[in-house]
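Visitor: In the order they appear, the protein sequences are chains X and Z. Counting the first sequence from 1 gives a position; my numbering is that position plus 23. Counting the second sequence from 1 gives a position; my numbering is that position plus 23. Ideal Cβ positions, reconstructed from N, Cα and C, are used throughout, including at glycine. Mind looking over this structure? Questions follow.
There are 2 protein chains.
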Amino acid sequence: MERKKEILALNAFAPAPGADLVSAGLGEDLAHRVERRRRSFGATSVLFYDRPLHVVAARGATLTTADGARYLDLYNNVPSVGHGHPKVVAAVRAQVGQLNIHSRYLIDVVDDYAERLLAHFPAPLANVAFTCTGSESNDLALRLARLASGGRGVVVSESAYHGNTAAVTEVSPSSYRKGGPPSFVRTVPPPHPAHYGADVAGGFARAVAAAINALKAHGHGFAALLVDTIFSSDGVHADPPGFLAPAAAAARAAGGLFIADEVQPGFGRTGTNMWGFARHGVVPDIVTLGKPMGNGIALGAVVTRPDLLAPFADAFGYFNTFGGSPVACAAGLAVLEALAEDGLMENARTVGARIAARLADLRPACPAIGEVRGAGLYLGIDIVARADGRPDPEGASGLINALRTRGILIGAAGPLGHTLKVRPPLCLTADEADSFIDALGAILRG
Amino acid sequence: MERKKEILALNAFAPAPGADLVSAGLGEDLAHRVERRRRSFGATSVLFYDRPLHVVAARGATLTTADGARYLDLYNNVPSVGHGHPKVVAAVRAQVGQLNIHSRYLIDVVDDYAERLLAHFPAPLANVAFTCTGSESNDLALRLARLASGGRGVVVSESAYHGNTAAVTEVSPSSYRKGGPPSFVRTVPPPHPAHYGADVAGGFARAVAAAINALKAHGHGFAALLVDTIFSSDGVHADPPGFLAPAAAAARAAGGLFIADEVQPGFGRTGTNMWGFARHGVVPDIVTLGKPMGNGIALGAVVTRPDLLAPFADAFGYFNTFGGSPVACAAGLAVLEALAEDGLMENARTVGARIAARLADLRPACPAIGEVRGAGLYLGIDIVARADGRPDPEGASGLINALRTRGILIGAAGPLGHTLKVRPPLCLTADEADSFIDALGAILRG
Numbered sequence: 024m025e026r027k028k029e030i031l032a033l034n035a036f037a038p039a040p041g042a043d044l045v046s047a048g049l050g051e052d053l054a055h056r057v058e059r060r061r062r063s064f065g066a067t068s069v070l071f072y073d074r075p076l077h078v079v080a081a082r083g084a085t086l087t088t089a090d091g092a093r094y095l096d097l098y099n100n101v102p103s104v105g106h107g108h109p110k111v112v113a114a115v116r117a118q119v120g121q122l123n124i125h126s127r128y129l130i131d132v133v134d135d136y137a138e139r140l141l142a143h144f145p146a147p148l149a150n151v152a153f154t155c156t157g158s159e160s161n162d163l164a165l166r167l168a169r170l171a172s173g174g175r176g177v178v179v180s181e182s183a184y185h186g187n188t189a190a191v192t193e194v195s196p197s198s199y200r201k202g203g204p205p206s207f208v209r210t211v212p213p214p215h216p217a218h219y220g221a222d223v224a225g226g227f228a229r230a231v232a233a234a235i236n237a238l239k240a241h242g243h244g245f246a247a248l249l250v251d252t253i254f255s256s257d258g259v260h261a262d263p264p265g266f267l268a269p270a271a272a273a274a275r276a277a278g279g280l281f282i283a284d285e286v287q288p289g290f291g292r293t294g295t296n297m298w299g300f301a302r303h304g305v306v307p308d309i310v311t312l313g314k315p316m317g318n319g320i321a322l323g324a325v326v327t328r329p330d331l332l333a334p335f336a337d338a339f340g341y342f343n344t345f346g347g348s349p350v351a352c353a354a355g356l357a358v359l360e361a362l363a364e365d366g367l368m369e370n371a372r373t374v375g376a377r378i379a380a381r382l383a384d385l386r387p388a389c390p391a392i393g394e395v396r397g398a399g400l401y402l403g404i405d406i407v408a409r410a411d412g413r414p415d416p417e418g419a420s421g422l423i424n425a426l427r428t429r430g431i432l433i434g435a436a437g438p439l440g441h442t443l444k445v446r447p448p449l450c451l452t453a454d455e456a457d458s459f460i461d462a463l464g465a466i467l468r469g
Numbered sequence: 024m025e026r027k028k029e030i031l032a033l034n035a036f037a038p039a040p041g042a043d044l045v046s047a048g049l050g051e052d053l054a055h056r057v058e059r060r061r062r063s064f065g066a067t068s069v070l071f072y073d074r075p076l077h078v079v080a081a082r083g084a085t086l087t088t089a090d091g092a093r094y095l096d097l098y099n100n101v102p103s104v105g106h107g108h109p110k111v112v113a114a115v116r117a118q119v120g121q122l123n124i125h126s127r128y129l130i131d132v133v134d135d136y137a138e139r140l141l142a143h144f145p146a147p148l149a150n151v152a153f154t155c156t157g158s159e160s161n162d163l164a165l166r167l168a169r170l171a172s173g174g175r176g177v178v179v180s181e182s183a184y185h186g187n188t189a190a191v192t193e194v195s196p197s198s199y200r201k202g203g204p205p206s207f208v209r210t211v212p213p214p215h216p217a218h219y220g221a222d223v224a225g226g227f228a229r230a231v232a233a234a235i236n237a238l239k240a241h242g243h244g245f246a247a248l249l250v251d252t253i254f255s256s257d258g259v260h261a262d263p264p265g266f267l268a269p270a271a272a273a274a275r276a277a278g279g280l281f282i283a284d285e286v287q288p289g290f291g292r293t294g295t296n297m298w299g300f301a302r303h304g305v306v307p308d309i310v311t312l313g314k315p316m317g318n319g320i321a322l323g324a325v326v327t328r329p330d331l332l333a334p335f336a337d338a339f340g341y342f343n344t345f346g347g348s349p350v351a352c353a354a355g356l357a358v359l360e361a362l363a364e365d366g367l368m369e370n371a372r373t374v375g376a377r378i379a380a381r382l383a384d385l386r387p388a389c390p391a392i393g394e395v396r397g398a399g400l401y402l403g404i405d406i407v408a409r410a411d412g413r414p415d416p417e418g419a420s421g422l423i424n425a426l427r428t429r430g431i432l433i434g435a436a437g438p439l440g441h442t443l444k445v446r447p448p449l450c451l452t453a454d455e456a457d458s459f460i461d462a463l464g465a466i467l468r469g
């Protein structure tokens, strides 16, 4: 399990304990700011990169730091329609001066947004419960699934991350730095021929069925299969389209629900569909939304069937004070409009395809580039050892920091941390994509 | 347990199943809007009042509806420095156009706000972990307490409400419409002479100690005493100041932590202290913050001791994507400044005292007014039967709807729902307070 602490450090600023930050090369100003952060945030403080960034502004796919340097952002999926998108900024500015309160009153922007959002979902997904975060969405989804099924058991992928509440951490194996999830959580390997051979869909469904049987054999009952519809923290696994359908069928056949976590792939990122589940020809029982929904304003949601909400309302009800507040809904509405008006799903498709094609061109000269996976503007690039093609987490870490010095921000994913994660704002231009590939090639060719 | 469903209905719009909303008197426009809401939100839809409000704007302590009517707001504590406070509005407008991203970079407004917030806490509460909601704050607090203590058991008040995640619902007895909390949660009656006689502090501490012993006797171990520092959902119990200190000592003597939920009383509402715990001369191990922190922008926090965060960081770490985002921190900073510049804590003290004094004057002529409890601008007014002084939830419900027709918004609290809850924005003026008392008197004198 020590591996996981190291993975964190691949992306994180993690000087040796007791190190003098100034003499370690940060300079006085940056060292002072890092010390301030650590004093306030304490042990849970995490900053990115060997030299943390002091960010002062952002626009489109560009971050600007205090020294005036500009960075191309291939990391941040939250500002999904672009940092500081004028439409979102204008909507928030207007609403915050008008009204911002809970949803136990009738408020036009709340009801307009709820309808506009639900119009993007197929039947029978007709109800929405607003939350503030993807974590809250997945927490509520687990409660709905457990009440509906009578079971507690959940099947997730080996390196899943679904959020940070107590209940959601239990179904997030990647959050455990020591030990692992409780016995009512079972894991399956991510969809990949390395685990399942040529028939990924069949193999994955059989693994899910076996995990469900193991849960039942241990007396836990089965509540839900919960997965990202592009497996994110497992290293960006998207293919083959359709592979989730047999697994969802297996979950339902066993009396459980299929929960699609769209926090990462949702809102057009895959380039061909608004939601990742649509690539698989399956309609989930519960869909959870978060990060990109409000372009940075805290907004999440559970979208589900009315018959799943009704017994939950009888037993508990659900109310979230800030969930679906007018400012959040105004931001959400602007995001939907920006996605359509700016053609961002189409842009994700074409620019994502361009990156994949250029990586394929680059690969013969750069044997460190291994497999490339994903869909639209959500790609994973395995970094491997030149000698034997084995995963190279240290190489990935070196690349992340080398790209940062060339003004390009990127992160890593996967259980070993050797997969570069390309997950930019959806407004990334072809020129910006090219500048990333050019920089990657220059570094790899040394 | 059916009682609780009825309590919900005391405040809520709850027509008979299948009722025709138009002919039930809502009119076509309102009926249409209610139907829209119910179609989108489904069974978890809850609207306030027999005639739901269609709100279009808010400023200070006033809400405006679509028909141009203005309502005095005695209910909403989230816009704590006032609806649409110019300072908060300006701060959000500036920041949302500049930068709004997660906290793994150094960002001035995030680090400034963290320091400014922590400056309001006594040693050893030196670290902050930002969240988006009070629910997330209490969820994290439970995780910290359980890891530190090795126990799972929690002691809360009989009608406590601490939030809506799976873990926090377990410690929120008032959330259960059927059944009750799991066996590792034990409840104690709220601090009141009716339960504890004259020595409320001693009796409450003995009840907490007995609950801890019961937890241990059942093999659960003890993690924490978790209470509002003004007991809110139990019916607004604040006195005597200091009563929490012996209970916190009992919790610590038993190897557990004392978690102060400041979501309701925090940020000056009590009129004499920034935090409710300060009225009790006790420093908690963990403080949880939410609702009023960002005046409507989703923002919460856990403030705690560094030695409690460190082992948690080793085991899990904590990161919250939207937690402490620049827009949220800009709002939070503006709230702290508005509280000081507008003298809102002092206003809470004087206007709260004025309401209490005028209620005392009104009481002889209005026997429906029972006990009045609370501190600052957080008051509970028991509504009782004229004949025998027994709790009168139906009377409270009638008053809430009668006040609404006179342009005054208020809610209810307590296990029976017979306590009017006065919890306005802290900018409530003396004139506004008087208009509430005048209306209440006019209704009660009929």
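Per DSSP, which residues does X:V250 bridge with? Please list them.
Guide: Here residue 250 of chain X refers to the residue found at position 227 of the first sequence. The partner list for X:V250 (beta bridge, DSSP) reads X:A283.
Visitor: Taking 8 Å as the CB-CB limit, is X:S198 close to chain Z?
Guide: For the purposes of this step, residue 198 of chain X is taken as residue 175 along the first sequence, with counting starting at 1. Closer than 8 Å to some Cβ of chain Z, the Cβ of X:S198 qualifies, so yes.
Visitor: Thinking C-alpha only, which one of X:A89, X:L95, X:D134 is nearest Z:V78?
Guide: In the second sequence, residue 78 of chain Z corresponds to position 55, counting from 1. Per the Cα distances, X:D134.
Visitor: Check whether the Cβ of Z:A363 lies closer than 8 Å to any Cβ atom in chain X.
Guide: Position 340 of the second sequence, counting from 1, holds the residue named residue 363 of chain Z. So no, Z:A363 is outside the interface.
Visitor: Under a CB-based cut-off of 8 Å, is Z:H77 close to chain X?
Guide: Position 54 of the second sequence, counting from 1, holds the residue named residue 77 of chain Z. Z:H77 counts as touching chain X.
Visitor: In terms of alpha-carbon separation, which member of Z:D337, Z:D257, Z:T252, Z:G258 lies closest to Z:A301?
Guide: Residue numbering aside, residue 301 of chain Z sits at position 278 when the second sequence is read from its first letter. If we check each option's Cα against that of Z:A301, Z:T252 comes out closest.
Visitor: With DSSP as the reference, label Z:N187 as helix, strand or coil.
Guide: Looking up residue 187 of chain Z in the second sequence gives position 164. Coil, per DSSP.
Visitor: Please classify Z:A383: does DSSP put it in a helix, a strand, or coil?
Guide: Within the second sequence, residue 383 of chain Z is the residue found at index 360, counting from 1. It is helical.
Visitor: Can you find a C-beta in chain Z that's less than 8 Å from the C-beta of X:S63?
Guide: Against the first sequence, residue 63 of chain X aligns to sequence position 40. With 8 Å as the cut-off, X:S63 counts as an interface residue toward chain Z.
Visitor: In this structure, how does DSSP classify Z:A32 when only helix, strand and coil are distinguished?
Guide: Taking the first residue of the second sequence as 1, we reach residue 32 of chain Z at position 9. Residue placement at Z:A32 cannot be trusted, given a pLDDT of 44 that sits under 50; the coordinates are not used to answer.
Visitor: What did DSSP end up calling X:I433 once you bin it into helix, strand or coil?
Guide: By one-based count along the first sequence, residue 433 of chain X stands at place 410. It is coil, neither helix nor strand.
Visitor: By the three-class DSSP mapping on this structure, what secondary structure does Z:P77 have?
Guide: By one-based count along the second sequence, residue 77 of chain Z stands at place 54. Before going further, note that residue 77 of chain Z is His rather than Pro in the sequence given. Here Z:H77 sits in strand by DSSP.
Visitor: Taking the beta strand (DSSP E) that Z:S158 falls in, what are its first and last residues?
Guide: For the purposes of this step, residue 158 of chain Z is taken as residue 135 along the second sequence, with counting starting at 1. Per DSSP, Z:S158 belongs to no beta strand (DSSP E); it is in the alpha helix (DSSP H), 157-172.
Visitor: Pop quiz: Z:V69 and X:F339 are said to be a contact at Cβ under 8 Å. What is the actual Cβ separation, rounded to whole angstroms?
Guide: The sequence position of residue 69 of chain Z within the second sequence is 46, counting from 1. The sequence position of residue 339 of chain X within the first sequence is 316, counting from 1. Going by Cβ atoms, the distance from Z:V69 to X:F339 rounds to 12 Å, so no, they are not a contact pair.
Visitor: Could you name the residues that DSSP lists as bridge partners for Z:F153?
Guide: Reading the second sequence from its first residue, position 130 is the one you call residue 153 of chain Z. According to DSSP, which records beta bridges pairwise, Z:F153 is partnered with Z:A324.
Visitor: Name the chain Z residues whose beta carbon is nearer than 7 Å to that of X:H303?
Guide: Numbered from 1 along the first sequence, position 280 holds the residue referred to as residue 303 of chain X. Neighbours of X:H303 on chain Z: none; closest Cβ ~25 Å, over 7 Å.
Visitor: Taking 8 Å as the threshold (beta carbon to beta carbon), is X:A142 in contact with chain Z?
Guide: By 1-based counting over the first sequence, the position of residue 142 of chain X is 119. Output row for X:A142: interface = no.
Visitor: Could you work out which residue in Z:V223, Z:G397, Z:P390 is closest to Z:V407 when comparing CA atoms only?
Guide: Position 384 of the second sequence, counted from the first residue, corresponds to residue 407 of chain Z. Answer by Cα proximity: Z:P390.
Visitor: Can you tell which of Z:S206, Z:S126, Z:G265 has its C-alpha closest to the C-alpha of X:A71?
Guide: Counted from its first residue, the first sequence places residue 71 of chain X at position 48. In the sequence under discussion, the amino acid at residue 71 of chain X is Phe, which differs from the Ala named in the question. With distances taken between Cα atoms, X:F71 lies closest to Z:S126.
Visitor: Since X:T344 meets chain Z, which of its residues come closer than 8 Å, beta carbon to beta carbon?
Guide: What you label residue 344 of chain X is simply residue 321 of the first sequence in a count that begins at 1. By Cβ distance, chain Z contributes V101, T156, G157, G313, K314.
Visitor: Where does Z:M24 sit, in a helix, a strand or coil, going by DSSP?
Guide: Mapped onto the second sequence, residue 24 of chain Z falls at position 1. Unreliable placement is indicated for Z:M24, whose pLDDT of 33 sits below 50; the coordinate value is still reported in the next sentence. In this structure, Z:M24 counts as coil in the three-state DSSP scheme.
Visitor: Quick check: the segment 210-224 of chain Z against the segment 347-363 of chain Z, are at least 3 beta-carbon pairs closer than 8 Å?
Guide: Touching, no, given that fewer than three Cβ pairs across the two stretches are closer than 8 Å.
Visitor: Which residues in the same chain as X:A379 place their Cβ atom closer than 8 Å to its Cβ, once the five residues preceding and following it in sequence are excluded?
Guide: As a working mapping, residue 379 of chain X is identified with position 356 in the first sequence. So the qualifying residues of the chain are V395, G397, L402.
Visitor: Under DSSP, the beta strand (DSSP E) around Z:K444 begins and ends at which residues?
Guide: Along the second sequence, read from residue 1 onward, the residue named residue 444 of chain Z stands at position 421. Here the beta strand (DSSP E) through Z:K444 covers 442-445.
Visitor: Starting from the C-beta of Z:A435, find all residues in its chain whose C-beta is less than 8 Å away, skip the five residues before and the five after it, and write them out in chain order.
Guide: Here residue 435 of chain Z refers to the residue found at position 412 of the second sequence. For Z:A435, where only same-chain residues beyond five positions count, the Cβ hits under 8 Å are I30, L33, N34, P416, A419, S420, I423, H441, T442, L443, K444.
Visitor: Between Z:P288 and the rest of its own chain, which residues show a CB-CB distance below 6 Å, the 5 nearest in sequence each way excluded?
Guide: Residue mapping note: residue 288 of chain Z aligns to position 265 of the second sequence, counting from 1. So the list reads T252, I253, G299, once near-sequence residues are dropped.
Visitor: If I measure Cβ to Cβ from Z:V111 and keep anything under 7 Å in the same chain, skipping five residues before and after, which residues do I get?
Guide: Looking up residue 111 of chain Z in the second sequence gives position 88. Only V104, N318, A354, A357, V358, A361 meet the Cβ criterion.
Visitor: Would you kindly work out how many angstroms separate the C-alpha atoms of X:G157 and X:A363, rounded to a whole number?
Guide: Looking up residue 157 of chain X in the first sequence gives position 134. Looking up residue 363 of chain X in the first sequence gives position 340. Their backbone Cα atoms lie some 23 Å apart in a straight line.
Visitor: Measuring alpha carbon to alpha carbon, tell me which of Z:T293, Z:I320, Z:P448, Z:H185 ends up nearest Z:E84.
Guide: Here residue 84 of chain Z refers to the residue found at position 61 when the second sequence is read from its first residue. Sequence inspection shows Ala at residue 84 of chain Z; the Glu mentioned does not correspond to that position. Ranking the options by Cα distance to Z:A84, first place goes to Z:P448.
Visitor: What span of residues does the beta strand (DSSP E) with X:S126 cover, start to end?
Guide: For the purposes of this step, residue 126 of chain X is taken as the residue at position 103 of the first sequence. Where X:S126 is concerned, there is no enclosing beta strand (DSSP E), given that its DSSP letter is neither H nor E.
Visitor: Compute the Euclidean distance between the alpha carbons of X:D52 and X:R74, then round it to the nearest angstrom.
Guide: The residue given as residue 52 of chain X occupies position 29 in the first sequence. The residue given as residue 74 of chain X occupies position 51 in the first sequence. Each residue's Cα considered, the two are about 12 Å apart.
Visitor: Scan the segment 48-98 of chain X and note each continuous beta strand (DSSP E) run of 3 residues or more that stays entirely inside, going in chain order.
Guide: With a minimum length of 3 residues, the continuous beta strand (DSSP E) runs that stay inside the segment 48-98 of chain X are 78-82, 85-88, 93-96.
Visitor: List the whole-angstrom C-beta distance separating X:L167 from X:T327, where the pair is believed to meet the contact cut-off of C-beta under 8 Å.
Guide: Translated into positions along the first sequence, residue 167 of chain X becomes position 144. Translated into positions along the first sequence, residue 327 of chain X becomes position 304. Sure, about 7 Å apart at Cβ, within 8 Å.
Visitor: Does DSSP put X:F245 in a helix, in a strand, or in coil?
Guide: Taking the first sequence and counting its residues from 1, one reaches residue 245 of chain X at position 222. It is a strand residue.
Visitor: DSSP three-state label for X:D405, please.
Guide: Indexing the first sequence from 1 puts residue 405 of chain X at position 382. Strand.
Visitor: Hey, is X:P329's beta-carbon within less than 8 Å of any beta-carbon in chain Z?
Guide: The count along the first sequence starts at 1 and reaches residue 329 of chain X at position 306. By this cut-off, X:P329 is an interface position.
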